[in-house]
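Asker: If you scroll down you'll find the structure; I have some questions about it.
There are 2 protein chains.
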Amino acid sequence: MDVVRIGIIGIGNMGSGHMKSIMAGDIDGMVMGAVADVNPARLKWAEENYPTVPRFDNATAMMDSGLVDAVIVATPHYQHPELIKEALGKGLHALSEKPAGVYTKAVRELIEYVKTQDKTYAIMFNQRTNCVYRKMKEIIDSGEMGKIRRTNWLITDWYRPQSYYDSGAWRATWGGEGGGVLLNQCPHNLDLWQWICGMPSKITAFTHNGKWHDIEVEDDVTAYVEYPNGATGVFITSTGDAPGTNRLEVTLDGGKLVCDGKKLTMYKLSEFVDDFSAHWKGGFGAPECTEIEVETDGENPQHAGVLRAFAAHLIKGTPLTAEGAEGINGLMISNAMHLSSWTGETVTLPIDEDKFLAELNKRRATSRLKTGDSVTLDTEGTY
Amino acid sequence: MDVVRIGIIGIGNMGSGHMKSIMAGDIDGMVMGAVADVNPARLKWAEENYPTVPRFDNATAMMDSGLVDAVIVATPHYQHPELIKEALGKGLHALSEKPAGVYTKAVRELIEYVKTQDKTYAIMFNQRTNCVYRKMKEIIDSGEMGKIRRTNWLITDWYRPQSYYDSGAWRATWGGEGGGVLLNQCPHNLDLWQWICGMPSKITAFTHNGKWHDIEVEDDVTAYVEYPNGATGVFITSTGDAPGTNRLEVTLDGGKLVCDGKKLTMYKLSEFVDDFSAHWKGGFGAPECTEIEVETDGENPQHAGVLRAFAAHLIKGTPLTAEGAEGINGLMISNAMHLSSWTGETVTLPIDEDKFLAELNKRRATSRLKTGDSVTLDTEGTY
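Sequence lines, in order, name chains G and X. Number 296 in numbering that gives the first Met the number 0 belongs to position 297 of the first sequence; there are no gaps in the numbering. Number 158 in numbering that gives the first Met the number 0 belongs to position 159 of the second sequence; there are no gaps in the numbering.
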């Protein structure tokens with residue numbers, strides 16, 4: 000393949016953004032093959048703005064058209080696994096918007112299916128392209144700072160006003176989206192958290208539904224986790240705080256790393272803290288500590304980076320930004336947070352997937368239908 | 000009274016520090032009347048360094064001597080309430096080192112007793128003298144930023160090496176100290192937290208015993224709280240992290256306040272966030288935010304400030320830094336954190352004090368006795 004003809008399924012907020020950047024020629028090795036959307040208003044938008052791109056009113060017809068080599072699935076979350084499976088089954092490669100799905104059981108079944116065929120399944124974890132998070136992972140993986148002792152992510156800078164939630168009938172409903180801030184805003188953070196720090200083994204969480212908005216799903220979450228090595232962690236998020244905070248701190252044997260998404264600061268000890276404790280007889284005192292603003296490569300290509308890597312992978316076999324199968328990890332944490340809060344219990348990972356789905360389905364069964372027209376928002380700079 | 004003749008009960012780490020500053024003439028209106036300690040080594044230290052100050056080998060004899068108008072109780076924690084009560088009963092004023100006690104039941108009984116007589120009961124909450132915390136309280140109390148939505152205190156800069164715990168036989172034992180980081184290092188923070196943000200109504204906590212040190216009590220704590228108005232909060236502390244972090248963030252309707260104990264930063268919104276949400280139709284967007292480094296009076300007199308205020312109160316009737324009775328609040332939070340972790344349940348405040356004491360007594364009954372000589376440490380700059 001010399002160039003990937005992409006088909007975008009769902010040209011709402013995210014899908015239309017991808018279409019714009021591909022049509023602008025920003026994605027080496029990728030051209031628009033076609034788009035599909037069930038919403039006539041969105042097809043009209045495509046016709047008006049990009050009249051040369053073929054349009055379909057359903058994904059299957061587009062996948063069968065022969066016009067596309069690969070698809071981007073940018074539909075409401077529940078449909079991600081089934082559409083990915085359909086695309087792979089038709090011999091197409093597929094890139095899923097986040098989250099991988101709404102419940103791990105569906106994603107696990109998809110992952111099993113992926114193993115039976117040879118097409119590429121990728122996921123839009125665009126924040127993995129951010130130089131500061133990449134560098135943080137590199138430092139921790141290198142072992143130079145020892146093992147992790149504590150993680151702490153205060154990620155409350157996802158503020159959304161009520162009009163955001165009113166912009167789509169599926170938004171922020173159990174039936175349409177399957178959750179709130181954990182499913183919509185935080186898949187990036189939950190993925191980065193596990194990518195950089197590893198998977199927790201136990202989660203106790205407190206999710207609050209409609210705390211800051213007129214919605215039925217959670218817009219405020221505090222979670223406490225424990226890792227297999229005994230380390231602990233906290234994850235706090237909300238769409239109700241302004242200006243909010245993005246502060247990820249990881250404490251290790253050799254000091255700590257603090258990242259606000261733009262800058263990475265290292266506090267490096269002269270020796271590992273347990274080594275110091277073993278020999279220091281002074282009662283008070285601590286290892287010497289040096290504060291370092293960590294240099295990175297400065298690259299942060301975000302969605303364009305993921306799309307370029309996807310195209311290059313299909314053309315040249317170079318690595319993806321994230322394999323689709325990795326999407327189950329952050330979703331597992333998200334599902335565990337919900338399940339813990341719903342049951343009032345600490346949840347051990349991997350979760351009981353049937354129990355989670357049964358609890359989710361209870362909420363879907365009584366999900367409130369929203370009325371009114373959907374509005375497509377410009378997401379520039381919001382993710 | 001023109002000058003307060005103070006008697007210090009317990010001249011270990013803290014008591015000897017107070018003695019030094021009083022003998023250096025740093026405390027207006029206060030002179031050393033006498034000292035009492037059950038440890039001959041400490042009396043020898045006093046004799047060698049301050050031979051003119053009368054010494055007693057027990058507190059009662061000193062209180063009965065007529066040489067003191069007021070006492071500072073700087074003994075192991077369990078003894079605080081009983082010694083305060085004895086002093087007040089003998090017509091002396093009393094200043095308690097923190098914590099007010101080990102369990103709220105004892106402190107509540109003391110508070111009831113205090114109401115029956117007219118002597119002063121104060122407590123050493125020296126961090127209340129810090130200009131940044133005073134300013135933070137002033138801003139929140141003024142209401143200019145609306146109601147609190149979230150509190151978050153990452154207070155892990157209490158690092159202690161093993162030699163600290165090995166320095167005293169009573170230290171870090173259920174029998175001697177009644178707890179670890181919550182009872183020894185955090186009384187200041189728990190008091191400031193409730194002083195600035197108010198008392199929580201529900202607490203779920205995870206305390207880890209001897210996680211970073213060879214001790215039987217907790218040296219690592221994560222707690223989630225809910226306030227009566229629905230706000231939530233997190234408190235994380237440890238003596239195992241180096242360099243650790245001190246970062247108190249309070250989110251309010253009108254923005255947020257962030258304090259590291261030295262600097263106070265305000266993020267002030269152009270309008271309250273819920274007002275913005277009610278009228279903003281843009282989907283994305285947030286109120287404008289201005290970052291301000293808040294000016295304070297720069298004063299931070301710490302222990303000397305508390306001692307001066309105590310003397311001035313007795314001489315001139317001016318306000319104390321903290322009434323002794325206020326000490327029960329931080330201790331209630333501490334007890335609730337322990338109780339939640341011990342029972343694996345969320346604890347509602349006020350706690351069941353008998354249940355807490357029964358649980359504490361179980362741990363005291365099997366408390367490990369430590370052997371070896373106690374060492375007195377120079378606490379300069381450690382609190």
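Just so it is clear, CB atoms sit at the ideal spot from N, CA and C, and this is done for glycine as well.
What is the C-beta distance between Lys104/X and Leu356/X, in whole angstroms, given that I count them as a contact (C-beta under 8 Å)?
Answerer: Residue mapping note: residue 104/X aligns to position 105 of the second sequence, counting from 1. Residue mapping note: residue 356/X aligns to position 357 of the second sequence, counting from 1. That pair is a contact at about 5 Å.
Asker: I'd like to know whether the C-beta atoms of Trp152/X and Leu247/X end up nearer to each other than 7 Å.
Answerer: For the purposes of this step, residue 152/X is taken as residue 153 along the second sequence, with counting starting at 1. For the purposes of this step, residue 247/X is taken as residue 248 along the second sequence, with counting starting at 1. The answer is yes: Cβ separation under 7 Å.
Asker: Going by other Cβ atoms of all chains shown within 10 Å of its Cβ, with 16 needed for buried, is Ser333/X buried or exposed?
Answerer: The residue given as residue 333/X occupies position 334 in the second sequence. Classification for Ser333/X: buried.
Asker: Over the uninterrupted beta strand (DSSP E) stretch that includes Trp279/G, give me the two end residues.
Answerer: As a working mapping, residue 279/G is identified with position 280 in the first sequence. Unbroken run through Trp279/G: none, as it is neither H nor E.
Asker: Are the segment 340-353 of chain X and the segment 116-136 of chain X touching, with three or more C-beta to C-beta distances below 8 Å?
Answerer: Verdict: no, contact absent.
Asker: If you check the beta carbons only, do Asn125/G and Val305/G fall under 7 Å apart?
Answerer: Your numbering for residue 125/G matches position 126 in the first sequence. Your numbering for residue 305/G matches position 306 in the first sequence. Cβ atoms of Asn125/G and Val305/G: closer than 7 Å.
Asker: Tell me whether the beta-carbon of Ala99/G lies closer than 7 Å to the beta-carbon of Ile122/G.
Answerer: On the first sequence, position 100 is the one that residue 99/G refers to. On the first sequence, position 123 is the one that residue 122/G refers to. Contact flag set, yes.
Asker: Can you pull the chain X residues whose beta carbon is under 7 Å from the beta carbon of Asp218/G, in chain order?
Answerer: Residue mapping note: residue 218/G aligns to position 219 of the first sequence, counting from 1. The premise fails here: Asp218/G is roughly 11 Å from chain X at the closest Cβ pair, so nothing lies under 7 Å.
Asker: In angstroms, rounded to a whole number, what distance separates the CA positions of Thr244/X and Ser237/X?
Answerer: The sequence position of residue 244/X within the second sequence is 245, counting from 1. The sequence position of residue 237/X within the second sequence is 238, counting from 1. Distance between the alpha carbons of Thr244/X and Ser237/X is about 10 Å.
Asker: Excluding five sequence neighbours on each side, which residues of the same chain lie with their C-beta closer than 8 Å to the C-beta of Glu287/X?
Answerer: Within the second sequence, the letter at position 288 stands for residue 287/X. Excluding sequence neighbours, Glu287/X sits near Leu268, Ser269.
Asker: Name, please, each residue of chain G whose Cβ falls closer than 9 Å to the Cβ of Leu268/X.
Answerer: Translated into the one-based positions of the second sequence, residue 268/X becomes position 269. By Cβ distance, chain G contributes Ala241, Pro242.
Asker: Rounded to whole angstroms, what is the Cα-Cα separation between Gln301/G and Asn188/G?
Answerer: Stepping through the first sequence from its first residue, residue 301/G is reached at position 302. Stepping through the first sequence from its first residue, residue 188/G is reached at position 189. About 14 Å.
Asker: Let me know if Glu57/X comes out buried or exposed under the rule of 16 or more other beta-carbons within 10 Å of its beta-carbon.
Answerer: What you label residue 57/X is simply residue 58 of the second sequence in a count that begins at 1. According to the sequence shown, residue 57/X is Asn rather than Glu. Exposed: under 16 other Cβ atoms inside 10 Å.
Asker: What are the start and end residues of the alpha helix (DSSP H) that includes Ser340/X?
Answerer: Your numbering for residue 340/X matches position 341 in the second sequence. Looking at the DSSP string, the run of the alpha helix (DSSP H) that includes Ser340/X is 326-342.
Asker: When the Cα atoms are used, what is the spatial distance from Met0/X to Asp68/X?
Answerer: Residue mapping note: residue 0/X aligns to position 1 of the second sequence, counting from 1. Residue mapping note: residue 68/X aligns to position 69 of the second sequence, counting from 1. When rounded, the distance between both Cα atoms is 9 Å.
Asker: Within its chain, find whatever has a CB closer than 6 Å to the CB of Ala171/X; leave out the 5 residues flanking it on each side and keep chain order.
Answerer: Taking the first residue of the second sequence as 1, we reach residue 171/X at position 172. Tyr164, Gly179, Ile214, Val216, listed in sequence order.
Asker: According to a CB-to-CB cut-off of less than 8 Å, which residues of the segment 149-161 of chain G neighbour chain X?
Answerer: Cβ contacts with chain X: Arg149, Asn151, Leu153, Thr155, Tyr158, Arg159, Pro160, Gln161.
Asker: Note down, in chain order, each residue of its chain lying with its Cβ closer than 8 Å to the Cβ of Thr345/X, except the 5 sequence neighbours on either side.
Answerer: Locating residue 345/X in the second sequence gives position 346, counting from the first residue. Within the same chain, Thr345/X has close Cβ partners Lys201, Ile202, Thr203, Ser339.
Asker: As a quick exercise: from Thr365/G, Gly24/G, Leu330/G, Met61/G, pick the residue whose alpha carbon is nearest that of Gly90/G.
Answerer: Residue 90/G sits at position 91 when you count from the first residue of the first sequence. That would be Met61/G, whose Cα lies nearest to the Cα of Gly90/G.
Asker: For Phe271/G, which of helix, strand or coil comes out of DSSP?
Answerer: The count along the first sequence starts at 1 and reaches residue 271/G at position 272. Coil, per DSSP.
Asker: Scan the segment 187-208 of chain X for residues whose Cβ lies nearer than 8 Å to a Cβ of chain B and list them as they occur along the chain.
Answerer: The chain inventory of the structure shown lacks chain B, comprising the protein chains G and X.
Asker: Between the alpha carbons of Pro199/X and Thr289/X, how many angstroms are there, rounded?
Answerer: Within the second sequence, numbered from 1, the residue matching residue 199/X stands at position 200. Within the second sequence, numbered from 1, the residue matching residue 289/X stands at position 290. Going from the Cα of Pro199/X to the Cα of Thr289/X covers about 29 Å.
Asker: Among residues of its own chain, excluding the 5 on either side of Thr342/G, which ones have a beta-carbon nearer than 8 Å to its beta-carbon?
Answerer: Numbered from its first residue, the first sequence carries residue 342/G at position 343. Cβ neighbours of Thr342/G beyond the five flanking positions: Glu358.
Asker: Within the continuous beta strand (DSSP E) that includes Glu225/X, where are the two ends?
Answerer: Position 226 of the second sequence, counted from the first residue, corresponds to residue 225/X. Residues 217-225.
Asker: Counting along the chain, where does the beta strand (DSSP E) carrying Asn151/G start and finish?
Answerer: Numbered from its first residue, the first sequence carries residue 151/G at position 152. From DSSP, the beta strand (DSSP E) with Asn151/G extends over 147-154.
Asker: Give the DSSP-derived three-state secondary structure of Leu313/X in the structure shown.
Answerer: Against the second sequence, residue 313/X aligns to sequence position 314. It is helical.
Asker: Can you give me the start and stop residues for the beta strand (DSSP E) that His187/X sits inside?
Answerer: One-based indexing of the second sequence puts residue 187/X at position 188. Segment 186-196 is the alpha helix (DSSP H) holding His187/X; no beta strand (DSSP E) there.
Asker: Would you kindly report the start and end of the unbroken beta strand (DSSP E) that includes Ala60/G?
Answerer: Translated into positions along the first sequence, residue 60/G becomes position 61. From DSSP, Ala60/G is part of no beta strand (DSSP E) but of the alpha helix (DSSP H) over 58-63.
Asker: Under 7 Å, do His76/X and Gly177/X count as touching if we go by C-beta distance?
Answerer: In the second sequence, counting from the first residue as 1, residue 76/X sits at position 77. In the second sequence, counting from the first residue as 1, residue 177/X sits at position 178. Yes, Cβ-Cβ distance for His76/X and Gly177/X is below 7 Å.
Asker: Take Met331/G as the anchor and find which of Val106/G, Asn38/G, Ser162/G has the nearest alpha-carbon.
Answerer: Position 332 of the first sequence, counted from the start, is the residue given in the question as residue 331/G. With distances taken between Cα atoms, Met331/G lies closest to Val106/G.
Asker: Let me confirm a value: Asn129/X is counted as buried when at least 16 other C-beta atoms fall within 10 Å, else exposed. Which label applies?
Answerer: Here the question's residue 129/X lines up with position 130 in the second sequence. So Asn129/X ends up on the buried side.
Asker: Could you compute how far the alpha carbon of Gly197/X sits from the alpha carbon of Ser95/X?
Answerer: Indexing the second sequence from 1 puts residue 197/X at position 198. Indexing the second sequence from 1 puts residue 95/X at position 96. Approximately 22 Å, taken between the alpha carbons.
Asker: Taking the DSSP output, what are the residues bridged to Arg170/G?
Answerer: Reading the first sequence from its first residue, position 171 is the one you call residue 170/G. Answer by DSSP bridge pairing: none, since Arg170/G is not bridged.
Asker: In chain X, which residues lie with their C-beta within 8 Å of the C-beta of Lys280/G?
Answerer: Translated into positions along the first sequence, residue 280/G becomes position 281. Here the neighbours are Ser162.
Asker: Is there a Cβ from chain G that is less than 7 Å from the Cβ of Ala388/X?
Answerer: Only positions 0 to 382 of chain X appear in this structure, which leaves residue 388/X out of reach.
Asker: Is His302/X helix, strand or coil when you go by DSSP?
Answerer: Here residue 302/X refers to the residue found at position 303 of the second sequence. Three-state DSSP puts His302/X in a helix.
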